[in-house]
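Residue numbers (the numbering used here): 885 to 2045.
Only one structure is covered here, and it is reproduced in the block below.
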């Protein structure tokens, strides 16, 4: 519609001659150009980035907006990464973006370009193996994605064309097409809901494939199209839809529909998330629906949500990259030293041009610097094996295969929900063993999110359903126990008004199918109804009020029905719903009674309701709310106000203007809600109980013993959250609570509060030590901190004088000296702020966030490791997390057992790889001092190529998958063992230097042991001496046996597969050497290794050298372990020693008992 025509649209067209229904949200679009928003309808003058969809591809009537069809993507889903044509170049580009792969590619190219001492095959073959294996894996995964895409894109879909149904493939669906979907079918794209087989224009939908919620959600058809029930009717629809560009938010949609009736001005209706049927959702309990496609293919919300999250990197991976840089520096140093030494050695006469290797004229005239640079590159190639190319592949395989141990863990399977743990990424397995801070949500994470109505307080009078009165349980379902005196006549009216408010102020649907959880109930019968809602609190409240005499029956034709205590049916017309959001922390409904009275009922958190109340018994209700909060109950306050018709009309126009806005709709709605929800009369408060999850307290206690600090971040009020923290043993009886709350900041400035708390905790910081096994020492004061969202905002708020940073540091100092921290009244983004604050503090601790709801996603994504609980608030948290578990109690085993094992295994894998490559290359470096720095290789090409690929790779891979240095039960029983690996203890510089020097020592033993043993000696019976290939093979043989036996000595948990791989790899080396040296291979142009290995083994001294050198190489490591275990044992080593003693004692006791029994007469 043009700008001039927009201004002529009357306000009645925007108002639609009646109250708007529930907001619905869809994305129907074809025109992607920015449009001027409707000034009269939305009150906007600025340009809005929107798109227009022509329903059924019908042109708007003459005089309306211009028909400008635009191309939109078709409905094909493409989740694959590659095509047949771009797979090779794209995959190679991605793989060579990795520094290690690119480094080896450069080395390979250098070997091809210049004359190097080793064949290009020695670098090219391992690189080709790594690249090929990775490409095959990624190609296979992408082929599976192609198959899945093809199956989805070819699904049949029913289109409406020319008044009849046409069946086509899903991929041919276009924006603007009208689609029919039948019961139990999934929606092929994002649809605006036009009509359904239900008379009231509703349909039920499950979104399990989108957010994991299996409950039925109710969606509403457009008011002016819900009467179109046939293909002919729906084909006659003349309408356009204006909506926002595709957005990934599943729960947000902003749009409006213009319905053209004859030649009149269009009727404008707002569209919100309740009108949008998302691709991937399934139609339930509805025979069929009609909808128009607004977002298709890769523009659907489902496709936009499947984009990958930001990559997280573990501390081990960062350490590994630092170590690689160190080894690269060592490599450059070796090459530089050898280059300098070569020219120093050749500076003496006759060494530069010996008679057997005189230079050509071209070689004599080459530039000295160019020759030196070429020699430097040659030495780099010779020593490049110190950087292990196969380590990356081995680490990736270890992480991928190791992640299955979590999913296979039967102890982490929950029988009640039928759910097991999920691994969404295997890149962070070892990070589970390094966690220092755990940030946890309360509701649904520490608690069951299974609400039970406990009581309500109306005008200061307390009502408890099924309460004990005079020693007897009240029998009837509608019975109440009045703890206080009965109210008077006015109180009776307020009491019933309170019950009606709770029965009406919600978004509950009554399940009307035979598969309802529990017995089927007729709305008109006296039985209980089966309620479904996205919020367990709402169901608990309505069911609780039902036991007090008022029963919510159903929503039919926009009328809410309830049964009162006299079994009379009351009907209220639902005029407006002011939806709940986490910022307002309240919701409201506007209803009209049968007598024509209009009410606004509002319920929400006490902090949200009390400031808006102008009348009511606030003090009595506030004291009851605080008492219930201290007992750990969840409280809500209920208020109301009466509206006259003129007031409602003003409210209606205000809401309608906000609802049809395409730009800043959420802000305008929030402003409208703020104006409407004020001057309320307080009715009362409710209390529901959310019980702690099984073993939640044991889990928190175990985490604290492991040295992990636990913080609870919740949106609940302070008293409720504090009671839950005491119940789960986060706070103990002797814990001194420190508060940084809004209430305290009203009395003191933030600076004074923080300084006072800092003095309180820091004077004992020197003595605040933790016992190795039992957490905090008994003789030290235990502090717990409580902070609320408002106080946190002040701490995080930047000031002009820069004092914000000082506040943050003070706050962090206080937190470091507290055993536990409770953050209450937290908004979702504040949870992420807290995690980020700790994450980037000067200690850079490893953080873990765990939660079960959509409000926990921000902190889950912010933390180093995010864990989602597969709970009752949907699977948004589980979908966005790195790992998902059924219950909070499973966190104990995930960290203390799986995380411990993962870290130990990956650390030994990384250190062992560097160690065995130092052993491999350092003898090559020493050999240059004995061959005139001629770049002669010590080992044969086959040995250079296969050392990391075949001879030594499989044992360490299996070791890193199966090693258990301590039994699993011991780790669960003794959480303090987790401290032994904290702060990346096994990959610190001290351990890294030890492994490096151990490799250097072993290399010195290999080389000089072989050198001195056979210097100036004949070693065979016929007087032959070893040549250089025999000498190199001897060194290589000692090295392979030493590094493999070193791994065997480090193995604590032996299985048949360990034996098979370790001894099998040694056998494979011997067999390969015999074949390589004893058979004339047809593709070899030379046979320098012909019978070398057999010749070496035919010598007695060679056998003696192998045995002695292997023993001498292993001796220092064995002595170090024995001495450290005896003199400075760690907690883990003490446990290992104790378990070994027990394993020795048990057979002895058994033998003695058998002996004594045989001696009895």
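The beta carbon of each residue, even a glycine, is placed where N, CA and C say it ideally should be.
Asked	Found
Excluding the 5 residues preceding and the 5 following residue 941 in the sequence, name in chain order all residues of the same chain whose CB lies nearer than 6 Å to its CB.	1060
For the stretch 1310 to 1326 and the stretch 1770 to 1788, state whether three or more C-beta atom pairs, one from each stretch, are separated by less than 8 Å.	yes
Taking residue 1672 as the reference, give the member of 1026, 1712 and 1525 with the closest Cα.	1712
How would you write the range of the beta strand (DSSP E) that residue 1044 sits in, first residue to last?	1040 to 1045
Taking the straight line between their C-alpha atoms, what separation do you get for residue 1346 and residue 1691?	43 Å
How about residue 1589 and residue 1859: do their beta carbons lie closer than 8 Å?	yes
Taking only the alpha-carbon atoms, compute the straight-line gap between residue 1121 and residue 1381 and give it to the nearest angstrom.	44 Å
Spatial neighbours of residue 1204 within its chain, please: CB distance less than 7 Å, with the 5 preceding and 5 following residues excluded, ordered by chain position.	1794
Per the contact definition of three or more C-beta pairs closer than 8 Å, is the stretch 989 to 1004 in contact with the stretch 1263 to 1272?	yes
How far does the alpha helix (DSSP H) with residue 1428 in it reach, from first residue to last?	1420 to 1431
Measuring CA to CA, which of 1003, 1158 and 1463 is closest to residue 1105?	1158
Let me know the alpha helix (DSSP H) ranges lying completely inside the stretch 1669 to 1731, each 4 residues or longer, listed in chain order.	1673 to 1680, 1688 to 1700 and 1712 to 1723
Since residue 1139 contacts residue 1075 with CB under 8 Å, what's their CB separation in whole angstroms?	Not quite, the Cβ-Cβ distance comes to about 12 Å (not below 8 Å), so this is no contact.
From residue 1893 to residue 1296, what distance separates their C-alpha atoms?	53 Å
Do residue 1006 and residue 1935 have their C-beta atoms closer together than 8 Å?	no
Name the two residues that bound the continuous beta strand (DSSP E) containing residue 1486.	1482 to 1488
Any contact of the stretch 1875 to 1892 with the stretch 1790 to 1809, i.e. 3+ C-beta pairs under 8 Å?	yes
For residue 1224, which three-state DSSP category applies?	helix
Could you tell me the boundaries of the beta strand (DSSP E) in which residue 1444 lies?	1443 to 1447
Rounded to whole angstroms, what's the CA-CA distance from residue 1980 to residue 1750? Just pull it up for me.	56 Å
Take every Cβ of the stretch 1538 to 1549, pair it with every Cβ of the stretch 1590 to 1599, and state whether three or more of those distances are shorter than 8 Å.	no
Could you check whether the stretch 1567 to 1583 touches the stretch 1769 to 1782, counting it as contact only if at least three pairs of C-beta atoms, one from each stretch, sit closer than 8 Å?	yes
When the Cβ atoms of the stretch 1063 to 1083 are set against those of the stretch 1155 to 1174, are three or more pairs found closer than 8 Å?	yes
Measuring only the C-alpha atoms, how far is residue 1085 from residue 1501?	42 Å
DSSP three-state call for residue 1390: helix, strand or coil?	coil
Tell me the rounded alpha-carbon separation between residue 1732 and residue 1327.	17 Å
Check for me: the alpha helix (DSSP H) holding residue 1542 runs from which residue to which?	1529 to 1543
What residue ranges within the stretch 979 to 1048 form continuous beta strand (DSSP E) runs of no fewer than 3 residues, ordered along the chain?	1040 to 1045
Go through its chain and collect everything with a Cβ distance to residue 1520's Cβ below 6 Å, but skip five positions before and after it.	1487 and 1570
Exposed or buried, residue 1574, counting other C-beta atoms within 10 Å across all chains shown (16 or more means buried)?	buried
I'd like the list of long-range same chain contacts for residue 1552, defined as Cβ closer than 6 Å, with 5 residues on each side in sequence excluded.	1542 and 1545
Based on Cα-Cα distance, which residue from 1110, 1184, 1100 and 1170 lies nearest to residue 1136?	1184
Look up residue 1985 in the DSSP assignment and say whether it is helix, strand or coil.	helix
Using the three-state DSSP reduction, which class does residue 1296 fall into: helix, strand or coil?	helix
Where does residue 1595 fall in DSSP's three states?	strand
Could you tell me whether the Cβ atoms of residue 1152 and residue 1123 are closer together than 8 Å?	no
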